[in-house]
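Each residue of the sequence shown is one higher than the one before, starting from 126 at the first, in our numbering.
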Amino acid sequence: MRGMIHDCFVEMIERKAIWMFVVVTLIASLIILATSSFDMQLQIEGQSDIEPLSGIIDVAATKGLNAHLGFMMFLAVLATAGLLPNMLVRGRAEYYLSKPISRTGLFLGKLISIWLVYGGAIVTCGVISLALLYLIHGYANINVIYLFVQSLLSFFIWLSVTTFASITFGSTAFAMMSAFLVFVLQMIFSYHEIFRDIVGSRIMATVGDVLYYIFPKMGKISDIGENLAMGRVVDDWIPVWSSVIFAMGLIWVTVIIFNRKDY
């Protein structure tokens, strides 16, 4: 496992993927620095005006940090889509499959390594932005940890989708297309309640509801993390556990396909 993590980290550097995270985090840092003038203006206006407006700053900081983590996750999904197809091309596949490890162990080890390395990059970039928010705006919110948790969870679910496509089709393009397809479908199925009211068929309404509960809901998970970070109560946890079940089931199917596939 340690060797796979090291190889994944080296590969991220060699493929220049790390520079995507660096550049975007630098841009986010410049944006945060640019907002320091707004904070100074609040201090000039007086303490009585600061207290109500400081709440607005906290909300904006939480939403901004969540957006930053979400974009980092988007970059990580794109950067990792081609890792498994490249590993399993003819020549490399024989090398990896000749190691004294089962195919299941090889796949799960690679999956976890990708999640740890690129997930670590997501967290690191988020921590940098969080530190700047604290230094410039005094943003200190322990609940912000929920944003990092939901980002890592969502990234793991996305990896289950892209690795399934990578193993099944052996193509980076198909892996990216599968992620885009799931992204579009989760947005469409999120309107299942409106769809239920529009269609007159109970069967079609039921199909829409079933598809909503089957497909992962990373957008909803992001909203849940944001609400928790703001101290709000979350009553609906279905998007979380249904998405986790989907990811675990898809990984199980991917392991079966990988074990039966001839390279």
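Heads up, the beta-carbon is just placed ideally off N, CA and C, and yes, glycines get one too.
The three-state secondary structure of residue 384, taken from DSSP, is helix. Looking at 152, 273, 287, 213, the one whose alpha-carbon comes closest to that of residue 231 is 213.
Contact check for residue 286 and residue 133: beta-carbon distance about 19 Å, past the 8 Å limit, so the pair fails to qualify. In the DSSP annotation of this structure, the continuous segment of the alpha helix (DSSP H) that includes residue 349 starts and ends at 343-354.
Apart from sequence neighbours up to five positions away, the residues of its chain that approach residue 290 with a beta-carbon distance below 6 Å are 299, 300, 303, ordered along the chain.
Remark: C-beta atoms of residue 247 and residue 197 approach each other more closely than 7 Å. For the pair residue 262 and residue 156, the Cα-to-Cα distance works out to about 13 Å. By alpha-carbon distance to residue 319, the top candidate from 129, 199, 331 is 331. Look at residue 314 here: in three-state DSSP terms it is helix. When DSSP assignments are scanned along the region 225-270, the uninterrupted stretches of alpha helix (DSSP H) that are 4 or more residues long and fall wholly within it turn out to be 228-262. Residue 259 is a Cβ neighbour of residue 265, given a cutoff of 7 Å.
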